[in-house]
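With the first letter of the sequence shown counted as 1, position 37 gets the number 37 in full-length UniProt numbering; the numbers rise by one all the way through.
Quick reminder that beta carbons are idealized off the backbone N, C-alpha and C, glycines included.
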Amino acid sequence: MLFTSYSVVLCFVQCKIIPGSMPLPVLRKKGDIILGGLFSLHDTVAEDSHALFCSKFKLLQPSSSRFNFRTFRWMQTMIFAVEEINKAGQLLPNITLGYHIYDSCSTPHQALKAAMELMGAGESYGLRDGTQSKDSCNWTVPVSYFSSCACLSDKKEFPAFLRTMPSDFFQVNALVQLVKHFGWTWVGVIAGDDDYGRQGAQLFVRKLGACIAVHEIIPKNRAQTAISSIVSKTHLSGAQVILVFAVEQDAAALFDEALRVGLFGIHWLASEAWSTAAVLSSPKKYHHILQGSMGFAIRKAQIPGLQDFLLHFNPTTTDALNDPFLISFWEEMFQCSLSVQIDGQENNVEGKPLCSGAEELQNVTNIYSDVSQLRISYNVYKAVYAIAHALKAMRSCVKGKGPFPLQACPDKDNIQPWQVISYMRSNSGQINKNSNAIECMRCLPEFWSSADRTACIPKEEEFLSFCDIMGITLMVISLIGFFFTCVVVFIFRCHRATPIVRANNSELSFLLLFSLTLCFLCSLTFIGRPSEWSCMLRHTAFAITFVLCISCILGKTVVVLMAFKATLPGRNVMKWFGPAQQRAIIICCTLVQVILCTVWLLVAPPSPRQLMPRESAIVILLCDEGSGVAFALVLGYIGLLAGLCLVLAFLARKLPGNFNEARLITFSMLIFCAVWLAFVPAYISSPGKYATVTEVFAILASSYGLLGCIFAPKCYIILLRPKKNTKKHLMSKVSSDKF
1 MLFTSYSVVL
11 CFVQCKIIPG
21 SMPLPVLRKK
31 GDIILGGLFS
41 LHDTVAEDSH
51 ALFCSKFKLL
61 QPSSSRFNFR
71 TFRWMQTMIF
81 AVEEINKAGQ
91 LLPNITLGYH
101 IYDSCSTPHQ
111 ALKAAMELMG
121 AGESYGLRDG
131 TQSKDSCNWT
141 VPVSYFSSCA
151 CLSDKKEFPA
161 FLRTMPSDFF
171 QVNALVQLVK
181 HFGWTWVGVI
191 AGDDDYGRQG
201 AQLFVRKLGA
211 CIAVHEIIPK
221 NRAQTAISSI
231 VSKTHLSGAQ
241 VILVFAVEQD
251 AAALFDEALR
261 VGLFGIHWLA
271 SEAWSTAAVL
281 SSPKKYHHIL
291 QGSMGFAIRK
301 AQIPGLQDFL
311 LHFNPTTTDA
321 LNDPFLISFW
331 EEMFQCSLSV
341 QIDGQENNVE
351 GKPLCSGAEE
361 LQNVTNIYSD
371 VSQLRISYNV
381 YKAVYAIAHA
391 LKAMRSCVKG
401 KGPFPLQACP
411 DKDNIQPWQV
421 ISYMRSNSGQ
431 INKNSNAIEC
441 MRCLPEFWSS
451 ADRTACIPKE
461 EEFLSFCDIM
471 GITLMVISLI
481 GFFFTCVVVF
491 IFRCHRATPI
501 VRANNSELSF
511 LLLFSLTLCF
521 LCSLTFIGRP
531 SEWSCMLRHT
541 AFAITFVLCI
551 SCILGKTVVV
561 LMAFKATLPG
571 RNVMKWFGPA
581 QQRAIIICCT
591 LVQVILCTVW
601 LLVAPPSPRQ
611 LMPRESAIVI
621 LLCDEGSGVA
631 FALVLGYIGL
641 LAGLCLVLAF
651 LARKLPGNFN
661 EARLITFSML
671 IFCAVWLAFV
681 PAYISSPGKY
691 ATVTEVFAIL
701 ASSYGLLGCI
711 FAPKCYIILL
721 RPKKNTKKHL
731 MSKVSSDKF
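Written out as structure tokens, the structure is:
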């Protein structure tokens, strides 16, 4: 892991406890998943032969350190975001986030040491249940909230690096345009001695394409002689415009020296690292030299609830012994000494009154409590939530649809950092047009980045195709059903003069068989690439053919019921249910569905639709119903007719007769209703093409149910039990029951 600034990184960390020795200053909170954080809370450090420690932790004099209220607010924002996620419980239910937060002390050595502890490559320590321990952590996911170096956009060199901070590439372009706009031709550049300062300054010089009056580097030790030399060269250059491309601490050291020697009349251009920092928010100190300064800042935002959280932070609500940063913050804020016991010695700095612990942050106005310019704080906030959303996506992974080989999902009980970064990248990682490009461009929704991330390629289209296994299977099942129906038609045609075919209106039987062939064939319209015509055809053809089918069954059921009623003495009801009346029932019932479908097609017809989730490499092609109300009406009408058939058939199931067709209709309608009742929730919950598969399955299952229950017993008698296919046998049960 590489860090180009010293207070830049939030990490996803997984740690295991190993007994160890003395810890570095770290603020800990237990949790199921630990986030690591690095913040430059102090501007200087004290060094001994064993380690680097921040000044207050080693009880040095205040003159040796400068506590940074701005970065302390950033740290508090991370804690606020973690606690907000934990309290809400909606983003990560049953999961608690914790944190390990280190002070990088504005030095590469300390930042690297803390980062190595987070990664487990160095010695990392923690306090657990009152005992000291050493943490050995797995590989981490760096998410920077402050690193803007354009070099970090090279994903080949830094594949695991993510950030919520814009690249310097953009602000350098803006700074160059600013200089050209005002016609400044004699410009100086002063940079910090780090990748942020050096590369940002070099990028500016290269893009400006003009002579540079002075180009100096602020050393990280901020030695007085070196900075004095920089100020002297700046004055001698005669440049009236100086760009300072450095972090806040380096800029402050430069301005302290400029103020000491009285370097006035310079238009300072600020990089975003210090343009909104405390350097400019202290007008009493730097007013005379920074008046008229200009710079660019990243976007600001509001974080509801943050100010209350910041102002309610105090020693009475925080464990001072377990918070290594509280003492420095409180004493610097109120210029008093917070007396606590550390290693048996009282911590009290000479010359300062004791803090009561009851001081109120509401009474102090400074950059810590100022939430009107939340910029980097908002980056921290976004970084925490970016990791949380990636964790949520991981825990919501559906088996067989995961992003890993063989579409596997991560182990929810053993989440690895490399898996988190995979999910975070899938939310857009974007392409570089060439391997040396500084910035990525986002692909359009219908495109996906290539394997080497140098081009946008069309996403793979997903729909129920005639070429995939599922489509082929459904097509074969549909054609088999069509074939069986044709076989039944042939059998009935050859034996049309037999009693079992002629019973209960053979015309209705042939019409029912015709409608069943259409039902099997209409399922084929659901397979293939959706188009305007196929979308309109598949839903309307299905709706009308099924109503025709159910209408035929309804006509047969009514005939069966009325036929046995007509055998009672004095009854002559069959004249009202002859062939003409049966045709009228079928025509009227089907006409209602035709009208519904016609209105549907005229008002809001079904149409092809594309679903293009950014986190997926596929485009889902499907048919949108157009009008959900119309779709519900046609399904509801089919259900109404099916329910009526079921009730009438159930009433006629015990009527006399060796062959009572009402029993067969009852079984067929039970299957039909069961299939379509199960279809509704399955259809609603099925994603993408699987919703289409569910609908085709329902059509085929109900069609097979009708064909098998109504016609299979008849074919069995015709082909294998011809002795029962006589009028005498069919009527014998009726005659015996009458007498």
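Straight-line Cα distance separating residue j from residue i
i: Thr462; j: Pro166; result: In the sequence as presented, Thr is not what sits at residue 462; that position holds Glu. Roughly 35 Å between the two C-alpha positions.
i: Val26; j: Pro324; result: 7 Å
i: His215; j: Ser148; result: 21 Å
i: Ala251; j: Leu310; result: 26 Å
i: Ile298; j: Leu269; result: 15 Å
i: His389; j: Leu91; result: 7 Å
i: His100; j: Val384; result: 13 Å
i: Gly238; j: Trp186; result: 8 Å
i: Gly688; j: Arg529; result: 13 Å
i: Pro606; j: Asp195; result: 57 Å
i: Ala649; j: Leu444; result: 57 Å
i: Val176; j: Ser271; result: 12 Å
i: Leu354; j: Ala223; result: 33 Å
i: Ser293; j: Lys285; result: 15 Å
i: Val603; j: Gly628; result: 12 Å
i: Phe154; j: Cys535; result: For the record, residue 154 in the displayed sequence is Asp; it is not Phe. Going from the Cα of Asp154 to the Cα of Cys535 covers about 46 Å.
i: Arg206; j: Lys87; result: 49 Å
i: Asp103; j: Trp74; result: 12 Å
i: Gln610; j: Cys467; result: 20 Å
i: Lys382; j: Ile212; result: 38 Å
i: Gly37; j: Trp448; result: 32 Å
One or two residues paired with residue i in a DSSP bridge
i: Arg163; result: Ser144
i: Asp103; result: Phe39
i: Glu462; result: Ile620
i: Met294; result: Leu269
i: Pro608; result: Cys623
i: Phe245; result: Ala191
i: Ser337; result: Leu354
i: Leu33; result: Reading the sequence as shown, one finds Ile at residue 33 and not Leu. Ile33 pairs with Leu97.
Contacting residues, own chain, Cβ-Cβ under 7 Å from residue i (five flanking each side not counted)
i: Ala642; result: Ile550, Met669, Phe672, Cys673
i: Gly344; result: Note that Gly344 scores 45 on pLDDT, short of 50, meaning its location in the model is unreliable; the coordinates nonetheless yield the value given after this. Closer than 7 Å at Cβ, skipping near neighbours: no residue.
Element boundaries [alpha helix (DSSP H), containing residue i]
i: Cys456; result: No alpha helix (DSSP H) holds Cys456; the beta strand (DSSP E) holding it covers 456–458.
i: Val675; result: 661–685
i: Ala258; result: 248–261
i: Trp274; result: 272–275
i: His312; result: Here His312 belongs to no alpha helix (DSSP H), and DSSP marks it neither H nor E.
i: Arg28; result: Not the alpha helix (DSSP H): Arg28 falls in the beta strand (DSSP E), residues 26–29.
i: His235; result: 224–237
i: Phe520; result: 506–522
i: Phe69; result: 69–88
i: Ser449; result: Note, Ser449: premise wrong, no alpha helix (DSSP H); beta strand (DSSP E) at 447–449.
i: Tyr378; result: 376–395
i: Ser478; result: 469–494
Sub-9 Å separation of residue i and residue j beta-carbons
i: Phe546; j: Ile638; result: yes
i: Ala111; j: Gly192; result: no
i: Ser703; j: Leu516; result: yes
i: Ala277; j: Ile367; result: yes
i: Lys459; j: Met612; result: yes
i: Ala695; j: Pro608; result: The question names Ala, but residue 695 is Glu in the sequence shown. No. Outside cutoff.
i: Ile710; j: Ser523; result: no
i: Ile587; j: Val558; result: no
i: Leu361; j: His312; result: yes
Continuous beta strand (DSSP E) stretch holding residue i: start and end
i: Trp184; result: First-last for Trp184: undefined, no H or E at that position.
i: Cys213; result: Note that residue 213 is Ala in the sequence shown, not Cys. 212–218 is the extent of the beta strand (DSSP E) around Ala213.
Sequence-distant residues of its chain with Cβ nearer than 8 Å to residue i (five each side left out)
i: Val693; result: Leu464, Met470, Leu474, Ser686
i: Phe69; result: Ala278, Phe329, Glu332, Met333, Asn366, Ile367, Tyr368
i: Thr726; result: Pro499
i: Val172; result: Ala150, Gly200, Leu203, Phe204, Lys207
i: Ile544; result: Thr590, Gln593, Val594, Cys597
Contacts around residue i, its chain only, beta-carbon distance under 6 Å, and the 5 residues preceding and following it disregarded
i: Asp129; result: Only weak support is given to the placement of Asp129: the predicted model assigns it a pLDDT of 29, under 50, and the value that follows is read from those uncertain coordinates. Within the same chain, Asp129 has no close Cβ partners at all.
i: Trp184; result: Val241
i: Val398; result: none
i: Tyr423; result: Ala390, Ala393, Met394
i: Gln76; result: Leu310
CB contact check: residue i to chain B, cutoff 9 Å
i: His181; result: Reference to chain B is not applicable here, since this structure consists of a single protein chain.
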